[in-house]
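Residue numbers (the working numbering), protein chains in the order written: chain A, 374 to 1135; chain B, 374 to 1135.
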């Protein structure tokens, strides 16, 4: 086990790394050339059109105003300055609620840490439980003296302190959780009440429309809702199967990029036209003029796209059995979304439509049986992924050793035998397969959710987050404590009695404190500092900028604002909640590290939310029940493990007192679920009626039908309309390179325009 | 273990008992004097007004037509004669669906038994596994030779037969369950679609109406629904807190009974008027004229009742925060019942109102927080009841031994010391506390459900049935197999690994086959035969008839038709499903006994449903999801136990194959739940709209408001109206003894009047 010195060294290294990242960020962000990387949000909102230029040519790229370097840490207070209501307006409720998870961490752990250090650490410290290990082989450190391990077995009265602490932790956590749930439910309701008119408020997604030999799907939808919602039904929008269209648009985008690249090349070297080869990978074959070739490709694809679009618009064969049905009032939509439509519960399934930008169109057509089968397949696949993911990785690792490489690629042998390379390969290679897998894991989980058939990006992310959390819980948390692959653990647990499982895990917990401290510093501190630096988007932006960008539009295209990434970020935070709650009563030394993580992450993510991240969707904090549930789960796990740990310390008198806690916590969770969850799932008729009545008074002659026109059209259709519009406006003989593919532009249209001007210029 | 001979003797005894019961029934039922005991259903439906009289005075009481004694078993084919649709009309869908549980048992177990006896029994019989026990102390019998115990350990290939059998059982059971679920869902939907107009189709029960300082509850309800359901709201009916009224009515009923008794006495001995004493228990004190005294009492109570009723009608203080809100259409009610009304999910809770006769009025006023707390209290109480019920019983038993009685009541000593009494006391007393407890258990569970706050009798019975089943599963099934109190089992299971629990139970299963055979004969066969004899109602009816009855109305009052008793009957059937499924692959010898039970019970209960039971409510088979779930649970338990049993037989190769089964079964259950359960929980808007449209076409000028008037008034109010009506019609100086308390009369009013005449005269 590591001593305080070791921890100090590790902390120093990580603090230095984090500070280096932060410094690099502070310098890079004030360079005008990086403006679009570090302030893309303002560009997306249209509040900044191009980087601020204060001086001559040089100052267009590099900041020469040296005073600004002095204020390089200014971003921190600036990030905290924007008040919450304005932040909701600026970045949406989702982001604000997401930030509150970090705040919740601070609110829970700061008081717990204070109490733990004043009340519990002295009790642990003044014992000699570990002294008996002095003459054995087991090493221990001063850090362990702060933990529960230092209390000798059977000293019952001392454990009462820990018992009280466990109660205090439970009550405080539950209190904070409840307050937060209440606040966020209220924020959500207020947000929805004050929200401006949006198509999704009036619209219901209908899936599994039955087939009828006598009527087309459109007629069927029209008739069904006219009959069953006679006073409220307004209009519907069919969903087309636009796989082919998406492919064509994708292909045109590629061609457009290549065309741009060639034109740029030509503009730099005015003398000769770029020549490309038509053969394999552009290495051989006939030579043609690059610009001409790609221009013709883009033109023919554009034609094909508009033909395909025409086909989709006029034909009925491509219509899938799903539709967006809009109502005259929010009340009508609320009724339709919450009720059963048909006597067959597998037909005419209705649910609130997500925002147009949130819809995941590919899954709309899935029939009921498919959905069920896919769910089972994904459940099985996820089980194997979680419990057996080590098998293929171990296999790759066994292949990817030095001998294996030398056998497969004999010509590399002289290179590999160089000592420097050898040590690198030996040091990194075994881990690299695992690292790559873990890097791709969120994407794999996202693909799983997509396969499972969710119909909105927000629900995809929520499901992927749940799965990622479970994976981390089993493979990172339990895996580090119990050591062994998840499957070995499962096998062991199945062969142990229900009583023994918390004991087995509980006993190893105090011993792993130092490991988790290091984990927090590497994964948490350095990770957060790395997040603000945005190294990957920075590099990609500059690459694109030099090869593809010609117009401001292209530059906008090249800007990747990124998103808050709920499916990767939230499970990470939850791991820290779990660690904090588990170690709070055992080794409170972990708490300061976690608190520091939460504080740093809060500032960093607040800055990112204000200046960087684009919002892909607005779910009005719909993910909070998940967050709440996972913290409660962590609390229950911590209580069970403490029970297990104390029962091995011959303090089994405390077991019944500790077993009360999970029961209370489950009761608390059920209460919160009944009390607050409906606000996140359903939309009450009262609220709908209030909003309807207000609107009817304000705008009595509103033409809703026009408002819904094409609101839920497939994004490619919307791309098409922009395009056709531009084509109509522009002259026909214009070079096609200025035809922008605005595929991403639908993203930011429905955002409320901020009244807030950009005060965060570098 | 019992030999075949022992089983044969037990079977003979039980068969003789059952036949004796059936014979007694056959004779008693054709006596005109018992007509109201054995055919009360026809009286309730008004299709028979008094017992059929064919001869002189004697034949009024005793059947002198000796030919009818020859046809004494006629009731069996007669019970089966009535076709199902007619039975639905005659006794309601609930009864028909209930009878189908028995049919389901036959459908599942008859084919399984055939296959088991042709395929599995020979495999078991031709082994010598038990022969090795010949020289040990463990006794075994020929019956065990038919079971899996007879296969020696490790003879793997023979176990494949059992494995295939387990698969066959699972698939067949699931197939039958699915078909039955489908059928019953369809029957329910058809029943609801063809049902005549009833208040509950238009009405929603609203609970937890918030308090408002400016408005009364009535105004609040009116305003809320006028605002939020402007096009559909019609009227509401407030709920009064009528505890005091109920008490008064109850007391008047008692007084009325005493008055009737005294008048009857007077009529028999015309000479002297009955005298009663006013003191303690009527033993001492002042003497008064009985008829005069009770007449004045009844009169004053009637006055008090009408005053109380007036108070309730005019005052608003007694109104509880719950109301029955009626809508103009079924569509409006369906919408209101399925949607969230207010942003606060603890207020304005709406649900479909049950039928007026199904409503349990006492729980309507419970506030949200109370409900939650009560649920927790009941959960804890139920846990202790299930796991620790033996403690108080053991305590009573320890007191109630001979020494204890002799100590407490020394004067009884000479009596007790008589050998005959001594042996009776020693034989019966220890068991009697347990017997009494088990007799009262369904009532205790019913009281628990009432305390928990359910608002309809049907839901009370469903919940009580769930609890009763769990109790039987733990204390009868597991208790008999593992032996030991439930708490001892729990403790043992907690200290065993998850792998070992099925093994422990599985191993003891084959050994308990003979015990359960005896159990089925005593509890099943004799119990069912006792059910048809109706000994208790018979005695009570004749007692009441001789002391209280003067008019036909009184006789009607004295008739206790009883109900089908879902909360006691269904858990019993489920125990047989469990036994059948568990033993089907282990000791198929149990199956014929179970099949015989199902067949006998089906005939008996069909007869009872046609001729005896009164329907307290009509839930249109709403309990079927519970039935389905419990059979599926039994199937999963049987699979796990077979896995455990086979793994101890050194046939662990089969374990993975067997573990697939529970997974498949859970999948099957989830599928059925998604597919069919909504038909039992929600009411689709399409159905509602169809029924509304039809009605609007047929009766365009329907006055719905009048239809709802007092539909949901408290039963005591309805009693009152009958009474006042009668008082108004009758002359004021009329003797009050003819004022009938028609408290029970609301029961049968909303039943569809049967077009079926009574063909079942004796």
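The beta-carbon is built from N, C-alpha and C at its ideal position, and this holds for glycine as well.
Nearest to residue 1016(A) by C-alpha distance, out of 1033(A), 1003(A), 1002(A), is 1033(A). Going by C-alpha positions, residue 735(B) is about 22 Å away from residue 813(B). Judged by beta-carbon spacing, residue 1008(A) lies beyond the 9 Å limit of residue 952(A), meaning their Cβ atoms are not closer than that value. Taking C-alpha positions only, residue 421(B) is separated from residue 415(B) by approximately 6 Å. At a beta-carbon threshold of 7 Å, the residues of chain B lying near residue 708(A) are 708, 712, ordered along the chain. At the C-beta level, residue 611(B) and residue 692(B) come within 9 Å of one another. Judged by DSSP in its simplified three-state form, residue 392(B) adopts helix. Ranked by Cα distance from residue 1037(A), the first of 531(B), 690(B), 750(B), 412(B) is 750(B).
Relative to the Cα of residue 704(A), the nearest Cα in the group 1067(A), 843(A), 1079(A) belongs to 1067(A).
Sequence-ordered contacts of the stretch 583 to 605 of chain A with chain B read 600, 601, 604 [C-beta pairs closer than 7 Å]. Under the three-state reduction of DSSP output, residue 411(A) falls in the helix class.
Closest by C-alpha distance to residue 682(A), out of 715(A), 617(A), 741(A), is 617(A). The beta carbons of residue 720(A) and residue 714(A) sit closer together than 9 Å. Residue 694(A): not part of any alpha helix (DSSP H); member of the beta strand (DSSP E) spanning 692 to 700, first to last residue. The beta-carbon of residue 715(A) is placed less than 9 Å from the nearest beta-carbon of chain B. Between residue 965(B) and residue 486(B), the gap from beta carbon to beta carbon is short of 9 Å. A straight line joining the alpha-carbon of residue 977(A) with that of residue 901(A) spans about 7 Å. According to DSSP, residue 650(B) shares a beta bridge with 660(B). Contacts between residue 1051(B) and chain A, judged by CB atoms closer than 8 Å, involve 713, 718 in chain order. Against chain B, the CB of residue 866(A) has a partner CB under 9 Å away; the residue lies at that interface. Residue 471(B) has a beta carbon lying at 9 Å or more from every beta carbon in chain A. By the beta-carbon neighbour count (other beta carbons within 10 angstroms, threshold 16), residue 1086(B) is buried. When 8 Å is used as the limit between beta carbons, residue 1047(A) is near these residues of chain B: 718, 719, 745, in chain order.
In this structure, 638(B) is the residue among 687(B), 675(B), 638(B) with its C-alpha nearest to the C-alpha of residue 663(B). A Cβ of chain A is located within less than 9 Å of the beta carbon of residue 1058(B). For residue 981(B), the three-state secondary structure derived from DSSP is helix. Classified as buried, residue 702(A) has 16 or more neighbouring CB atoms from the shown chains inside 10 Å of its CB. Its chain contains no residue whose beta carbon lies nearer than 6 Å to that of residue 912(B) once the 5 sequence neighbours on both sides are disregarded.
Under the three-state reduction of DSSP output, residue 610(A) falls in the strand class.
By a beta-carbon distance limit of 8 Å, residue 898(B) does not contact residue 378(B). Their separation comes to about 19 Å. Residues of chain A whose Cβ lies closer than 7 Å to the Cβ of residue 1062(B) are, in chain order, 600, 601. Less than 9 Å separates the beta-carbon of residue 543(A) from that of residue 1012(A). One finds 867, 868, 869, 870 in chain A with Cβ atoms closer than 7 Å to the Cβ of residue 870(B), taken in chain order. Looking only at 560(B), 1057(B), 989(B), 1061(B), the smallest Cα-Cα distance to residue 458(B) is reached by 560(B). Here residue 726(A) is not near residue 565(A), since their CB atoms are 9 Å or more apart.
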